[in-house]
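J.: Please find one structure pasted underneath; my questions will follow.
In this note's numbering, the protein residues as written are 17 to 168.
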């Protein structure tokens, strides 16, 4: 085998590692989209609850560990809403709905950003795969030329 062939093998190995790293990055980004979508579903459910629940409604309140207790809503005029960073505030129902709308919009924007990142990673991955194919073809041509020269 010629010295050039060894370099081609090394280049192929490096390209393969880069392609694998991009695949892992893409998988992480796709997981992030799934998590954001799940969070968006929770926001949608909270918005729906604000619209349909009334004072006196019976609800299932999670206790943790997949345990729930029935409770009666005492006052739908005031709702406690998470503001982020571990903080929450009591707000009027309309204001709470506005906070949830803002959260949903922020989630939609983040999902769009992450999907754009995924598209960029896929483009980079495709370019590297094309480079790997070209390098492999060059390596095969060099090996064939070396075999022909050895045969002469």
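Ideal Cβ placement from N, Cα and C applies to all residues, glycine included.
Here the structure is a predicted model, which means the values were calculated and not measured.
1) Please list, in chain order, all residues of the same chain as residue 32 whose beta carbon is under 7 angstroms from its beta carbon, the five residues on each side excluded.
2) Which of helix, strand or coil does DSSP assign to residue 132?
3) Is it buried or exposed for residue 80, if we count other Cβ within 10 angstroms and need 16 for buried?
4) Let me confirm a value: residue 38 is counted as buried when at least 16 other C-beta atoms fall within 10 Å, else exposed. Which label applies?
5) Which residue from 52, 26, 27 puts its Cα closest to that of residue 119?
6) Answer with buried or exposed for residue 15, where buried requires no fewer than 16 other C-beta atoms within 10 angstroms of its C-beta.
7) Roughly how many whole angstroms lie between the Cα atoms of residue 152 and residue 28?
8) Please identify the residue among 73, 67, 71 whose C-alpha is closest to the C-alpha of residue 111.
9) For residue 126, write down the residues that DSSP places opposite it in a beta bridge.
10) Assuming contact is defined by CB atoms lying nearer than 8 angstroms, are residue 69 and residue 75 in contact in what I supplied?
11) Give every residue of the same chain whose Cβ lies closer than 8 angstroms to the Cβ of residue 178, excluding the five residues on either side of it in the sequence, and list them in chain order.
12) Is the beta carbon of residue 106 less than 8 angstroms from the beta carbon of residue 88?
13) Suppose only complete runs of 3+ residues qualify. What are the beta strand (DSSP E) ranges in the stretch 61-115, listed by chain order?
14) Comparing C-alpha positions only, which one of 108, 116, 26, 86 sits nearest to residue 100?
15) Straight-line CA distance for residue 62 to residue 45?
T.: According to the data block:
1) Answer for residue 32: 148, listed in chain order.
2) Here residue 132 sits in helix by DSSP.
3) Classification for residue 80: exposed.
4) That one is buried.
5) Taking only the C-alpha atoms, the option nearest residue 119 is 52.
6) For the chain, the structure presents residues 17 to 168; residue 15 sits outside this window and is missing.
7) One C-alpha to the other measures close to 7 angstroms.
8) Answer by Cα proximity: 67.
9) Beta-bridge pairing by DSSP links residue 126 to no other residue.
10) When the beta-carbon positions are compared, residue 69 and residue 75 come within less than 8 angstroms of each other.
11) Outside the displayed range of the chain (17 to 168) lies residue 178, so it cannot be described from this structure.
12) For the 8 angstroms CB-CB criterion, residue 106 and residue 88 do not form a contact.
13) Runs found: 74-80, 83-88, 94-100, 103-108.
14) It is 116.
15) One C-alpha to the other measures close to 26 angstroms.
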